[in-house]
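Reviewing the structure listed below.
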Amino acid sequence: MKKYKFIVTLLGITALIASCGNQGNGSSNGALSSSAAEKAYVAPGEHDEFYAFMSGGYSGNITVYGLPSGRMFKEIPVFSQFPTSGYGYSEETKPMLNTSFGFVPWDDSHHPDISQTKGELDGRWIFINGNNTPRIARVSLSTFETEEIIEIPNSAGNHSSSFITENTEYVVAGTRFSVPVPQRDMPINEYKGNFKGSLSFISVAPENGRLNLEFQLTMPGFNYDLSHPGRGKSHGWFFFTTYNTEEANSLMEVNSSQNDKDFIAAINWKKVEEYVKNGGGTLMPAEYAHNVYDEHTHTATSTMKKEVLTVNPLDVPGAVYFLPTPKSPHGCDVDPSGQYIIGNGKLSADLTVHSFDKMIAAIEGKKFDGEAYGIPILKFEDVLAGVVKSGGLGPLHTEFDGKGNAYTTFFISSEVVKWKLGTWEVLDRQATFYSVGHLMIPGGNSAKPFGKYVVAMNKITKDRYLPVGPEMEHSAQIYDISGDKMELIYDFPTHGEPHYAAGIPADMLAPKSKKIYRLDENKHPYAVLNPADARVERDGNEVHVYMSTIRSHFTPDNIEGVKVGDKVYFHITNHEQDFDVPHGFAMIGQNTSELLVMPGQTKTSVWEPKKVGVWPFYCTDFCSALHQEMQGYVRVSPASSDLPISFSLGD
Ligand code: K7E
Ligand code: CUA
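Our numbering puts the first residue of the sequence shown at 186, with every later residue one more than the last.
Here you go:
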């Protein structure tokens with residue numbers, strides 16, 4: 186009976202989605218009253234109330250938007266080369282994308298998380314995961330630049346990442362795919378019992394944010410999908426959803442959906458930390474890159490690390506438990522008080538809410554329901570706080586407004602459902618357009634959410650905008666949640682594929698946003714701090730051009746004595762000390778991107794001239810009325826030439 190109803194509902198909703206695609210916006214146009222339009226309207230010259238940082242998914246980057254306007258301010262390059270700024274193309278930033286697999290100029294980024302102090306957003310940094318070649322990045326929220334990337338060994342599909350603990354003690358990175366640990370040549374069908382899932386705890390230095398992989402818990406070979414920190418009373422714990430507790434290795438859509446319940450893994454990381462501090466754990470050979478960008482030398486360095494401390498959960502009694510959770514849970518969310526842990530069973534209609542207090546009581550009472558690989562399984566009924574019977578389908582992720590309400594996305598039924606913590610009653614539901622993944626309330630993953638807006642990030646766009654060929658940018662919707670009912674106020678396209686996002690009040694970031702790099706603090710080894718020091722030097726086949734820029738010329742702008750076969754390094758220092766006056770640099774035939782050099786910054790571009798001639802370069806950024814005059818020439822002579830290096834400006 187129940188099953189029959191499920192199928193009917195599913196069919197009905199499929200029909201609904203299909204019809205949405207054909208008949209236009211349906212009710213949503215009418216829903217936008219003029220008062221809704223005013224709520225999203227930010228007048229010209231006015232500023233937004235919130236920053237929203239959206240993961241770029243397969244763009245590998247982060248995009249920065251304003252709320253409620255939905256205006257995009259910036260794309261921050263993180264894991265992907267970005268010709269717009271030269272990130273990953275300049276000599277200084279190439280090391281940021283170094284890994285144990287070599288240079289990997291792309292990743293798939295899903296979950297940004299802003300640093301916290303005492304469970305509240307503090308606006309120092311934002312972290313984000315690279316899924317594909319497992320990495321965690323730290324981005325400065327003063328320069329809005331990527332400052333550090335650390336690779337995660339023994340991980341694959343770094344998805345239950347990058348979530349931080351309540352004082353940013355750790356950024357946590359769980360593996361989605363279990364793999365042989367250490368990696369080795371073995372038959373795939375011997376997965377079961379042999380593959381392992383690593384949960385990595387990376388410490389964050391409070392002074393400067395420096396990352397260090399402190400330890401990895403070597404867990405059973407399940408898929409660790411998502412995670413969230415405990416907070417308040419549950420601070421010291423971390424929760425991870427799992428699926429594929431069947432440990433299937435093929436046709437996963439069927440074989441990993443067999444068990445009625447998978448688990449939420451509850452990790453007492455403070456216990457593990459203590460164990461490690463007392464000398465516990467096993468050092469294992471590993472190879473992973475640690476890349477750090479220095480704001481004063483404007484240069485990144487990459488170091489290859491050689492070992493990692495692994496911890497067998499069985500060696501730390503009382504540190505790891507499994508909470509049975511129905512139907513391949515995806516999202517794993519913890520409410521602002523730290524009491525409720527919500528598992529969103531993506532193949533179910535209901536939400537399972539676990540109670541932290543009940544979990545502790547069950548652990549103390551040793552009420553176990555067997556074990557998995559020696560890890561105690563708690564009894565479902567003993568940890569269950571409640572079930573939200575929403576009537577929606579395909580629950581994925583939950584956020585909180587700080588007023589006792591939770592908001593859960595339903596992918597299949599394309600809606601956001603608002604419900605009450607503690608009574609589990611559904612209070613409201615609103616359609617999304619279409620097939621929503623994550624949602625975001627600024628501070629929604631902290632002890633203090635700013636519950637004014639929720640942004641739904643959708644997977645499918647269809648008819649929401651003018652068509653632009655087969656692929657559309659994804660769509661997002663902003664709802665005003667200040668009243669009892671959610672009100673759709675705006676619709677806007679997003680870039681790449683935003684999964685999660687993180688929002689923060691504008692007044693926490695805007696005043697400390699960096700305007701220029703001070704020239705007198707520039708410690709780049711190839712900087713020219715005075716135009717009189719601009720020069721060109723030959724060192725064997727290498728030519729180093731120490732160049733400066735100011736509106737509207739390069740110093741020097743005529744260079745001779747370069748030969749075919751040389752490797753020419755243009756080290757360009759921007760002498761502007763005004764906010765928002767970068768200069769660009771581009772050289773004809775160069776096998777790389779342009780550079781965009783910020784005021785006070787030095788960046789380096791390499792050119793290997795292949796043809797004899799006189800070749801121009803120019804500034805790519807329209808920097809003044811005489812921007813078009815900002816250009817120069819390099820004379821390239823045959824390899825056999827003995828023309829000496831010379832350079833000039835205005836001669
Ligand atoms: Cu649900 Cu990668 Cu968080 Cu996408 S994940 S939606
Ligand atoms: Cu400098 Cu255009």
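Every residue, glycine too, gets a C-beta built ideally from N, C-alpha and C. All values derive from a computational prediction rather than experimental measurement.
Have a look at residue i and residue j and give me their C-alpha separation to the nearest angstrom.
i: K795; j: G750; result: 7 angstroms
i: M671; j: D806; result: 43 angstroms
i: F238; j: Y685; result: 9 angstroms
i: K490; j: A471; result: 7 angstroms
i: L195; j: M642; result: Only weak support exists for where L195 lies, its pLDDT of 42 falling under 50; the coordinates are left without a value.
i: N314; j: G251; result: 22 angstroms
i: S435; j: F362; result: 12 angstroms
i: I701; j: L714; result: 15 angstroms
i: Q786; j: S244; result: 26 angstroms
i: N343; j: S522; result: 27 angstroms
i: E231; j: D765; result: 18 angstroms
i: V496; j: T331; result: 30 angstroms
i: T550; j: G559; result: According to the sequence shown, residue 550 is Gly rather than Thr. When rounded, the distance between both Cα atoms is 18 angstroms.
i: I744; j: Q816; result: 12 angstroms
i: L581; j: M625; result: 12 angstroms
i: E722; j: S778; result: 23 angstroms
i: R820; j: G241; result: 42 angstroms
i: D542; j: D293; result: 36 angstroms
i: S540; j: I449; result: 12 angstroms
i: H481; j: M783; result: 13 angstroms
i: S598; j: L536; result: 14 angstroms
i: K381; j: G579; result: 28 angstroms
i: G688; j: S822; result: 55 angstroms
Can you tell me whether residue i is buried or exposed? The criterion is at least 16 other CB atoms within 10 Å of its CB, across all chains shown.
i: K788; result: buried
i: Q368; result: exposed
i: L694; result: buried
i: F288; result: exposed
i: Q813; result: exposed
i: V799; result: exposed
i: L606; result: buried
i: V653; result: exposed
i: P627; result: buried
i: G835; result: exposed
i: E610; result: exposed
i: R320; result: buried
i: F595; result: buried
i: A824; result: exposed
Sorted by chain position, which residues of the same chain lie with C-beta nearer than 7 angstroms to residue i's C-beta, five sequence neighbours on each side aside?
i: F386; result: Y355, V357, E399, F400 and W454
i: V280; result: First, the residue type needs correcting, since residue 280 is Pro and not Val in the sequence shown. Hits under 7 angstroms: N476, A485, T486 and S487.
i: N429; result: F407, N408, M437 and S441
i: S667; result: K637
Where do the ends of the beta strand (DSSP E) carrying residue i lie?
i: E492; result: T484 to V496
i: I548; result: No beta strand (DSSP E) holds I548; the alpha helix (DSSP H) holding it covers F541 to E549.
i: V601; result: E600 to K605
i: D692; result: From DSSP, D692 is part of no beta strand (DSSP E) but of the alpha helix (DSSP H) over A691 to L694.
i: N397; result: L396 to P405
i: N759; result: K752 to N759
i: I422; result: Residue 422 is actually Trp in this sequence, not Ile. Looking at the DSSP string, the run of the beta strand (DSSP E) that includes W422 is W422 to Y428.
Where do the ends of the alpha helix (DSSP H) carrying residue i lie?
i: L834; result: Element bounds for L834: n/a, residue is neither H nor E.
i: W454; result: W454 to K462
i: K224; result: S219 to A225
i: T556; result: First, the amino acid is wrong: residue 556 is Glu here, not Thr. No alpha helix (DSSP H) contains E556, which is instead part of the beta strand (DSSP E) from F553 to A557.
i: V568; result: F565 to V568
i: N440; result: M437 to N440
Quick check on this structure: which residue in the options has the alpha carbon closest to the alpha carbon of residue i?
i: T486; options: A504, G273 and T646; result: G273
i: Q301; options: G589, E351 and V821; result: E351
i: P338; options: I757, E332, N317 and R323; result: N317
i: N776; options: D763, V791, P784 and T537; result: V791
i: D298; options: G629, S826 and T278; result: G629
i: I830; options: E761, H768, P741 and S325; result: P741
i: I545; options: K512, R736, S270 and G415; result: G415
i: F553; options: Y478, S540 and V568; result: V568
i: A228; options: P253, Y236 and V249; result: P253
i: N444; options: T427, E458 and F235; result: T427
i: F138; options: S347, G466 and D479; result: Not covered by the structure: residue 138. The range shown for the chain is 186 to 836.
i: M772; options: H760, V753, P514 and L612; result: V753
Between which residues of its own chain and residue i is the CB-CB distance below 6 angstroms, once the five residues before and five after are set aside?
i: V538; result: Y525, I527, A570 and G571
i: A322; result: V263, I313, T331 and I334
i: Y818; result: N743, V799 and P801
Within the 9 angstroms Cβ cut-off, does residue i reach chain D?
i: A485; result: Going by chain labels, chain D is absent from the structure shown, which holds only one protein chain.
Query - Sequence-ordered residues whose beta carbon comes within less than 7 angstroms of a heavy atom of the ligand GDP - result: This structure lacks the ligand GDP; the ligands present are the ligand K7E and the ligand CUA.
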